[in-house]
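The structure appears right after this line, and notes come after that.
Protein chains in written order, with this note's numbering: chain E, 1 to 358; chain B, 1001 to 1304.
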């Protein structure tokens, strides 16, 4: 950036190994948090909360979960939506069946349920690798959606498995308005993101990365493969589960199993590809990009068509959206396989030296 | 018992239809090490091209040739604009690129050729063969049989091509190691263009067969999801594997659909149909636990 770390001397290991070793970065992060927690609730409109900010945070959380599994531990998963579904339905059932269960505990239990399912479907990763595993996670995707639709117990006997999320109240305060929902989601996401950031910097994270880079070599240097892989599945599914519960409770309000389709899994996968595989920041950037792109295209394409006198139907717009999506993914993979997060890093490096070339 | 055989045969024949799609995957994987998720989109795109060109007034045969031309263009431009830029990237990057490609084709196809559901009439009627119906009391559709025969011929031809031609050998070399093949003087770009062209042809055949069965519609892209368990069962690198895998998956899926839901039903009550969506995956997954490289896949030895 426009600042340099000159004059900031580290005298302890703690100071040297903090998340933001440079003071300006710490200030920047504090400002960002202040804006998110204080400024936005006062300024943003209801539309912004319920259509952009809340889904952004929830998808960022899901992308974070997938990024832990795919980006850090190198296990490609196409079952993200299934784990989100488990989280959503678990939260619903805990609220329904246990009278007066605290909200936070509900969400943690929902995440743990998803983690359990994640570990069950992660077990094959000990035997099979790469694409075989990616296809195997599809088993989770299809099975979970089917089970939630067919077993009436999960949705309390509602038709076609639709559940309507209960009202939430945290310490006696009802979480009912978009602003309160936003703050609740934001708080959860912030805590979980900080935990994730520190997790991937710890020995656990290093074990994940070594498994990703070459699991045989990792095993040879004494990393327990089973524990490491299953832990990655558990943590990742926990994040996805919490994201799924928030998706049902704070974003949509009522969900059905078919809403957690393969398409949703792909969307989250695209978020981490575009944002940056193996980067916490990338999950947020990718979520913002994938969420804003359709809104952007919806607003830009019709006027553009009118300008060029082309007959654009709604169907054509959605087809063009698909094409742009696909083309962008290929573009990002070709130009910058590490995604937006890497571009951000490169920009920072360049600005650090700017305007001097060396 | 006749009922059992009827289901079994129906399953085997529909399994061959899955094999046809799986074949496209195997071809590309063998030749370029790319797990081409866009194969389902290519099937859809090819079928759309056929009906789209027929809507423009072309006769069937011309439309098919035209569609083949379109698929060649798709294949060559994929090579030119996607794969060539991603040489030596990890396989997972290539895989994700093909997901992008599938989205692109799913958007481009309807945009060029219209998105209404249209039929393809191949001139083979979907009715039971009477001789077998009267003799064994088993319903065996002429259409299924014809589709199976086409799939069989295609597979045979491709197996010979891979095993006994110079191009086939070059394809296998490229599949083994891009860089080593390049350094031996194998023209990587030609090979990739050829193999994507062949995969486009397979997609065209599959698209016409599936399209005449169910109509040309977006659901054709889902054939890819049907083909994936076939692939993991048969092994990604084996043409015979795609066939055997297809037969096994087709038969087991249809039999499971008949015999498993009643078990659930008697245990929990309610309706448990529609297990076709996940059963092949779970089946293939369990199989993988025993043989991680699939039925006919090459055993991969990891070295540090």
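For every residue, glycine included, the Cβ atom is placed at its ideal position computed from N, Cα and C.
Any chain B beta carbon closer than 8 Å to residue 132(E): By this cut-off, residue 132(E) is an interface position.
Tell me whether the segment 153 to 163 of chain E and the segment 104 to 115 of chain E touch, counting them as touching only if at least three CB pairs, one residue from each stretch, are closer than 8 Å. no
Determine which residues of the segment 1078 to 1092 of chain B have a Cβ less than 9 Å from any Cβ of chain E, and write them out in chain order. 1081, 1082, 1085, 1086, 1089, 1090, 1091, 1092
Applying the 10 Å Cβ sphere with the 16-neighbour rule, what's the burial state of residue 21(E)? exposed
Based on the DSSP secondary-structure assignment, which residues constitute the bridge partners of residue 173(E)? Answer by DSSP bridge pairing, in chain order: 170(E).
Rounded straight-line distance, which links the Cα of residue 1096(B) to that of residue 141(E): 18 Å
Check whether the Cβ of residue 317(E) lies closer than 8 Å to any Cβ atom in chain B. no
Would you kindly check if the distance between the Cβ of residue 239(E) and the Cβ of residue 148(E) is under 8 Å? no
How would you list, in chain order, the residues of chain C whose beta-carbon sits under 8 Å from the beta-carbon of residue 300(E)? Considering every chain present, this structure includes no chain C. Its protein chains are E and B.
Cutting at 8 Å between CB atoms, please list the residues of its own chain near residue 218(E), excluding the five before and the five after it. 207, 210, 211, 225, 228
Could you tell me which residues DSSP puts in a beta bridge with residue 1150(B)? None; residue 1150(B) has no bridge partner.
CB-CB length for residue 1032(B) against residue 1195(B), believed under 8 Å: Confirmed, about 6 Å.
Touch test, the segment 59 to 68 of chain E against the segment 182 to 194 of chain E, Cβ-Cβ under 8 Å, three pairs minimum: yes
Measure from the alpha carbon of residue 181(E) to the alpha carbon of each residue in 33(E), 296(E), 138(E), 49(E), then state which is nearest. 49(E)
Taking the alpha helix (DSSP H) that residue 1106(B) belongs to, which residues open and close that run? 1091 to 1113
So what does DSSP say about residue 50(E), is it helix, strand or coil? helix
Verify whether the separation of the beta carbon atoms of residue 163(E) and residue 92(E) is less than 8 Å. yes
Using a Cβ-Cβ cutoff of 8 Å, what residues of the segment 1229 to 1261 of chain B are near chain E? List them in chain order. Listed by position along the chain: 1229, 1231, 1232, 1236.
Would you list the residues sitting across from residue 164(E) in a DSSP beta bridge? 254(E)
Which whole-angstrom value is the C-beta distance of residue 1246(B) and residue 1015(B), which I expect to be below 8 Å? 4 Å
Grab the span of the alpha helix (DSSP H) containing residue 1002(B) for me, first residue to last. 1002 to 1032
Should residue 1015(B) be flagged as near chain E, meaning a C-beta pair shorter than 8 Å? no
Please list the residues of the segment 180 to 211 of chain E that have a C-beta atom closer than 7 Å to any C-beta atom in chain B, keeping them in chain order. Correct list: empty, as no residue qualifies.
Measuring alpha carbon to alpha carbon, tell me which of 1077(B), 1100(B), 1114(B), 1028(B) ends up nearest residue 1056(B). 1114(B)
Cross-chain neighbours of residue 1005(B) in chain E, by beta carbon under 9 Å: Going along chain E, no residue has its Cβ under 9 Å from residue 1005(B), so there is no contact; the nearest lies around 28 Å.
Taking CB distances under 8 Å as the criterion, tell me whether residue 150(E) reaches chain B. yes
Examine chain E for any beta-carbon lying closer than 8 Å to the beta-carbon of residue 1210(B), and answer yes or no. Chain E, which has no Cβ nearer than 8 Å to the Cβ of residue 1210(B), makes this no.
Considering Cα atoms alone, identify which of 17(E), 177(E), 117(E), 285(E) is closest to residue 56(E). 285(E)
Along chain B, in chain order, which residues have C-beta atoms closer than 9 Å to that of residue 329(E)? 1096, 1097, 1099, 1100, 1101, 1103, 1104
Helix, strand or coil, according to DSSP, for residue 19(E) in the structure here? coil
Please report how far the alpha carbon of residue 1088(B) lies from the alpha carbon of residue 1094(B), in whole angstroms. When rounded, the distance between both Cα atoms is 9 Å.
Would you mind working out which of 349(E), 350(E), 355(E), 278(E) sits nearest residue 337(E), comparing C-alpha positions? Residue nearest to residue 337(E) within the set 349(E), 350(E), 355(E), 278(E) is 278(E) (criterion: CA-CA distance).
Kindly list the residues whose CB is nearer than 8 Å to the CB of residue 297(E), restricted to its own chain and excluding five residues on each side of it in sequence; keep chain order. So the list reads 317, 320, 321, 324, once near-sequence residues are dropped.
Closest Cβ-Cβ distance between residue 1059(B) and chain E: below 8 Å? no
Since residue 1115(B) meets chain E, which of its residues come closer than 8 Å, beta carbon to beta carbon? 315, 319
Step through the CB atoms of chain B and report whether any lies within less than 8 Å of the CB of residue 334(E). yes
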